[in-house]
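In what follows, a structure is listed as structure tokens, so that the remarks can point back to it.
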Amino acid sequence: MKKFYLSLLGSALLSIIILGWLIDAFSQQTQTPHDVFYSETQMIKGFAKQLAAISPSQRPQAIKQLNDDFTVQLEYRPTQSLALPQSLLAQITQPSGLILEDQQGYYLLYSEPNLGSHHLKMRLMKDHNHEQGNDVLLTMLFYAGLCVFMGFIITPLAKRLSVLNDAAQRFAKGDLKSRIHVSHFTYIKDVELTFNRMASQIEKLLEENKLMASSLSHDIRTPIACLRFGLEAAQDSPNEQKRLEYLARMEQDLDQMESMLKSYLAFATLEQKANQLTFNESDLDSYTLTLVHQLEPKLEQRQLRIQQQIEPGAVCADLHWLARAIVNLLSNACDFATSEILISAKQAGNQVIFTIEDDGPGIDPKNWHKVFSPFFQEQTHRNRDGESYGLGLAIVAKVADWHHGTVSVTKSKQLGGACFTLSIQNKSL
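Here the working numbering is used: position 225 in the sequence shown is 225, and no number is missing along the way.
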């Protein structure tokens, strides 16, 4: 919008300057004083001829008589009383005379050889109606030109607003793929980009909700079936010990359902956290070391070694959610690693890059883009604890998106397993 404001202001100033210059030039060319006072010029030439035909002593009385008869302001003066340069004095004897302007208005000076060293001065009266009509015409031309200039600025804006309105209407009717093709020549580029981001977020949320509903309905069938089987078995069993075993299994199934629902609900409300980020700065080495210490019990339980390659630098982000993402990646590596994990961190320009590698079986390349989708789990490499719902890596992807970064997975060149790379924008730079 700043671009639009500057363009509008610049166009207004430029149009005023150009139109003012054009109208002034037009006015001077179409309405010169000689054209306006043509009849007065012919009249003073006739008066000069009449005065030249009589003696100089009779001329003052003749001037008075002409003023009375023709209702004019005519004066008979010596030419030497004029304080004018020689170039202007020479124009007095020209057929058109010399028209000058003072505080009272225009006056005409004229002389001819027969008048000797004297000249005639006649006060000129403008036709105010004609002048007012010209002023109105020029004013209308000015505003019309100003509207044309403004039209060149407003028209592209109106077109882009129309495009935005059409895209919004298509989106409201259910076309979730509706987007605006952002042009380089637009005043509302930020608005168009914001609309596209909003539409993408809404589309993503709706897809996740559909996926969550589908996954929840699918995953909850197993514990419900187990509950139904356990309930029927407990009712039919005459053995009290067996009945207690069935009830214990039913309690485990209920715990599993509760854990599942908590995970699903936590993920469903995760998007609200995007507007509550708190950015802080920390040393990259100490921050990463703290996260590794959190997983030491799990590393010892699995008898895994972890290597660290941390370059000097600083990270500025929402340290809580960034830690959540890195811990999820490390925990995922612990679940699939055979004996070794490698974590690397470095600062590259305005980016901070974390890499977590393991020596496990890795991830099928055809699933590299799917593993970050909610509720996705590879069929051949399930979590050892059987408590994963396919949300850990989806949370990592969301945290990366909140920090205007990316997350990806490839095959580790050093350890041979999976290699996860998390890159975020460093807010301190």
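Positions of the beta carbon are idealized from the N, C-alpha and C atoms, including for glycine.
As for any alpha helix (DSSP H) of minimum length 4 sitting wholly inside the region 283 to 334, the runs are 284 to 294 and 296 to 302, ordered along the chain. Fully enclosed beta strand (DSSP E) runs of no fewer than 3 residues occupy 74 to 78 of the region 44 to 78, in order along the chain.
The C-beta distance from L291 to V327 rounds to 6 Å, short enough to fall under 8 Å.
For S259, there is no enclosing beta strand (DSSP E); the residue is part of the alpha helix (DSSP H) that begins and ends at E240 to A268. Taking the C-beta atoms as reference points, Y106 is found nearer than 8 Å to L124.
Excluding five sequence positions before and after K370, the CB atoms of its chain that fall closer than 7 Å to its own CB belong to F376, given in chain order. Annotated three-state conformation of Y106 is strand, per DSSP. Straight-line spacing of the CA atoms in H118 and A48 works out to 10 Å. For Q86, the enclosing alpha helix (DSSP H) begins and ends at Q86 to L89. Close CB contacts of A167 within its chain, under the 6 Å cut and outside five residues either way in sequence, are with S178 and I180 (chain order). For the 8 Å CB-CB criterion, I341 and L393 do not form a contact.
When DSSP reads this structure, S237 sits in no beta bridge, so it has no partner. Beta-bridge annotation (DSSP): Q425 is paired with Q351. Pairing K64 with P56, the inter-Cα distance amounts to about 14 Å. Taking N426 as the centre and dropping the five residues before and after it, the same chain places the C-beta of V315, C316, Q347, N350, Q351 and V352 closer than 7 Å to its C-beta, in chain order. Membership of K411 in the beta strand (DSSP E) is indicated by the continuous run T406 to K411. By the neighbour-count criterion, in which 16 or more other beta carbons inside 10 Å mark a residue as buried, H320 falls on the exposed side. The closest CA to that of L289, considering only I306, L277, S162 and E300, is found on I306. Secondary structure at E40: helix, using DSSP grouped into helix, strand and coil. For L393, the uninterrupted alpha helix (DSSP H) segment begins and ends at G392 to W402. When secondary structure is reduced to three states using DSSP, L120 falls in the strand class.
One thing to note: T421 has its Cβ no nearer than 8 Å to the Cβ of S412. Ranking A12, G174, V399 and T71 by CA distance to the CA of T278 puts V399 first. The DSSP-derived three-state label of S344 is strand. When C-alpha distances from G360 are compared across S344, S339, F354 and N367, the shortest belongs to S339. Here F142 is actually not in contact with L13; their C-beta atoms are around 14 Å apart, not less than 8 Å.
With respect to the C-alpha of V396, the residue from L322, T71, T139 and C334 having the closest C-alpha is L322.
Listed as beta-bridge partners of L98 by DSSP are L109. Note on I54: under 16 other CB atoms within 10 angstroms of its CB, so exposed under the neighbour-count rule. When DSSP states are grouped into helix, strand and coil, I153 belongs to the helix group. Beta bridge pairing from DSSP links N114 with no other residue. Within the DSSP secondary-structure output, D358 pairs in a beta bridge with I341. If you draw a straight line from the Cα of R243 to the Cα of E232, it is about 10 Å long. Between S96 and T41, the beta carbon gap of about 6 Å places them in contact (Cβ cut-off 8 Å). A check of alpha carbon separations from Q73 across L88, P85, K121 and S15 identifies K121 as the nearest. Of the other Cβ atoms in all chains shown, fewer than 16 fall within 10 Å of the Cβ of W21; this residue is therefore exposed.
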